[in-house]
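Please read the structure below before turning to the comments.
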Amino acid sequence: MSRKGAILIAGGAGYIGAHCSKAVAEAGFTPIVYDNLTTGHRSFVQWGPLVVGDIADSITVARTIRQYDVKAVMHFAAWSAVGESVADPQKYYLNNVAGTLGLLQGMREAGCTRLVFSSTGAVYGNAGREPIPESAAGPTVNPYGRSKYIIEQILADYRAAYGFSATALRYFNACGADASGAIGELRDPETHLIPRALMAVLGHVPDFAIFGTDYETPDGTAVRDYIHVDDLAAAHIAAIGRLLEGHSGGAYNLGTGSGYSVREIVDAIRNEIGEQVPLVVRERRAGDPPILVADPSRAEQELGFKARRSDLGHVIRSAWAWHQKAHPRIV
Numbered sequence: 105m106s107r108k109g110a111i112l113i114a115g116g117a118g119y120i121g122a123h124c125s126k127a128v129a130e131a132g133f134t135p136i137v138y139d140n141l142t143t144g145h146r147s148f149v150q151w152g153p154l155v156v157g158d159i160a161d162s163i164t165v166a167r168t169i170r171q172y173d174v175k176a177v178m179h180f181a182a183w184s185a186v187g188e189s190v191a192d193p194q195k196y197y198l199n200n201v202a203g204t205l206g207l208l209q210g211m212r213e214a215g216c217t218r219l220v221f222s223s224t225g226a227v228y229g230n231a232g233r234e235p236i237p238e239s240a241a242g243p244t245v246n247p248y249g250r251s252k253y254i255i256e257q258i259l260a261d262y263r264a265a266y267g268f269s270a271t272a273l274r275y276f277n278a279c280g281a282d283a284s285g286a287i288g289e290l291r292d293p294e295t296h297l298i299p300r301a302l303m304a305v306l307g308h309v310p311d312f313a314i315f316g317t318d319y320e321t322p323d324g325t326a327v328r329d330y331i332h333v334d335d336l337a338a339a340h341i342a343a344i345g346r347l348l349e350g351h352s353g354g355a356y357n358l359g360t361g362s363g364y365s366v367r368e369i370v371d372a373i374r375n376e377i378g379e380q381v382p383l384v385v386r387e388r389r390a391g392d393p394p395i396l397v398a399d400p401s402r403a404e405q406e407l408g409f410k411a412r413r414s415d416l417g418h419v420i421r422s423a424w425a426w427h428q429k430a431h432p433r434i435v
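Residue numbers (our numbering): 105 to 435.
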């Protein structure tokens with residue numbers, strides 16, 4: 105066990121959780137990965153022990169926290185596909201909301217009350233203003249975002265009733281991969297923009313779909329704020345540090361404050377790797393707002409965090425290096 109103690113990382117075998125596990129280890133803590141491996145990867149658990157378990161299983165959560173004398177929890181375990189959440193909302197409320205209640209119950213039973221929660225920019229819905237401040241949360245426009253916002257409200261109740269210290273980090277679009285090439289985005293099916301575009305180039309999917317070209321944006325395609333996963337990991341370390349210092353937590357946007365459209369991302373990929381992305385245009389997806397760009401100033405002021413590795417060129421180069429390894433070109 106490290107001198108700083110253990111951090112339980114629920115969902116730590118997934119994309120963002122694995123990058124945060126590495127950052128936790130580099131910060132001097134021991135990451136205890138807690139994952140049911142439904143979508144996570146055993147090969148991503150490289151910096152601490154793995155406990156195979158479900159967040160809904162409060163007994164196993166409590167036992168794990170006691171066994172490793174866990175100081176705080178990072179919670180990444182969730183379903184996260186917007187379109188799927190519209191088609192099957194029950195799946196999202198059962199896993200994301202009910203599962204989180206199981207995690208919180210296990211934490212209470214074991215006497216661990218510090219939590220950093222993986223929230224999302226989807227809590228803003230059609231915010232109607234850019235960049236979006238934290239005060240603009242709700243009403244959401246899809247069950248995925250709604251499930252995360254419900255959890256944020258639950259955490260506020262747990263602060264008031266049970267003395268929890270809880271921080272919700274509202275990610276915008278996580279992207280990129282670890283510089284070592286050890287971990288990156290790996291889903292089946294892949295739904296995120298940059299990896300799917302790169303997989304289309306490599307021949308693993310037939311094409312890359314642009315969902316909607318009639319949004320009220322400069323080129324008609326949806327605009328998002330893209331933040332490198334290494335920056336997200338750094339923000340989690342800052343948030344855990346604040347909780348361990350005795351702060352009660354809060355909600356923070358994690359983004360750059362700048363947005364790129366889908367077409368701008370496709371053009372940037374072509375410029376960085378020198379290859380065309382095979383494109384097809386389809387109708388809008390249900391639940392997709394036209395623009396989501398963060399106001400990141402609160403995180404900078406209160407957590408001392410600022411995105412420093414999210415230059416779009418760096419994002420694409422790191423993702424391209426990973427996907428060439430994870431998905432060798434099909435000729």
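Glycine included, each C-beta is placed from N, C-alpha and C at the ideal position.
On a predicted model such as this, the values are computed, not experimentally measured, just so you know.
Residue i burial status per 10 Å Cβ neighbour count (16 or more: buried)
i: Val384; result: exposed
i: Tyr319; result: buried
i: Asp329; result: buried
i: Lys126; result: buried
i: Ser142; result: Note that residue 142 is Thr in the sequence shown, not Ser. Thr142 should be labelled exposed.
i: Asn230; result: exposed
i: Gly249; result: buried
i: Asp139; result: buried
i: Gly350; result: exposed
i: Tyr266; result: exposed
Rounded separation between residue i and residue j - CA only
i: Ser251; j: Pro310; result: 32 angstroms
i: Ala122; j: Phe148; result: 6 angstroms
i: Ile298; j: Ala214; result: 40 angstroms
i: Ser365; j: Ala241; result: 22 angstroms
i: Phe133; j: Pro322; result: 45 angstroms
i: Gly316; j: His296; result: 15 angstroms
i: Gln380; j: Arg374; result: 5 angstroms
i: Thr325; j: Ile314; result: 8 angstroms
i: Glu130; j: Ile111; result: 12 angstroms
i: Arg146; j: Ala117; result: 6 angstroms
i: Lys175; j: Lys108; result: 9 angstroms
i: Ala260; j: Leu198; result: 20 angstroms
Cβ-Cβ separation, residue j to residue i (assumed contact under 8 angstroms), whole Å
i: Arg263; j: Ser162; result: At roughly 19 angstroms, the Cβ-Cβ gap does not stay under 8 angstroms, so Arg263 and Ser162 are not in contact.
i: Arg389; j: Val186; result: 7 angstroms
i: Phe426; j: Gly285; result: The question names Phe, yet the displayed sequence has Trp at residue 426. Indeed, because the Cβ distance is near 6 angstroms, the residues count as touching under 8 angstroms.
i: Val333; j: Gly280; result: 5 angstroms
i: Gly144; j: Gly115; result: 7 angstroms
i: Leu339; j: Phe409; result: According to the sequence as given, residue 339 is Ala; it is not Leu. That belief holds up - the Cβ atoms of Ala339 and Phe409 are roughly 5 angstroms apart, short of 8 angstroms.
Beta-carbon spacing of residue i, residue j below 8 angstroms
i: Trp424; j: Glu376; result: yes
i: Asn246; j: Ser184; result: no
i: Ser222; j: Ala160; result: no
i: Tyr172; j: Ile120; result: no
i: Leu396; j: Ile236; result: yes
i: Val155; j: Leu219; result: no
i: Ile420; j: His308; result: no
i: Ala355; j: Glu238; result: yes
i: Gly288; j: Ala398; result: no
Worksheet item: Taking three-plus beta-carbon pairs below 8 angstroms as touching, is the region 395-408 in contact with the region 342-355?
Response: yes
Discussion item. Under 8 angstroms: do the region 353-360 and the region 271-278 share three or more Cβ pairs, one atom per stretch?
Written reply: yes
Discussion item. Under 8 angstroms: do the region 160-176 and the region 208-226 share three or more Cβ pairs, one atom per stretch?
Written reply: yes
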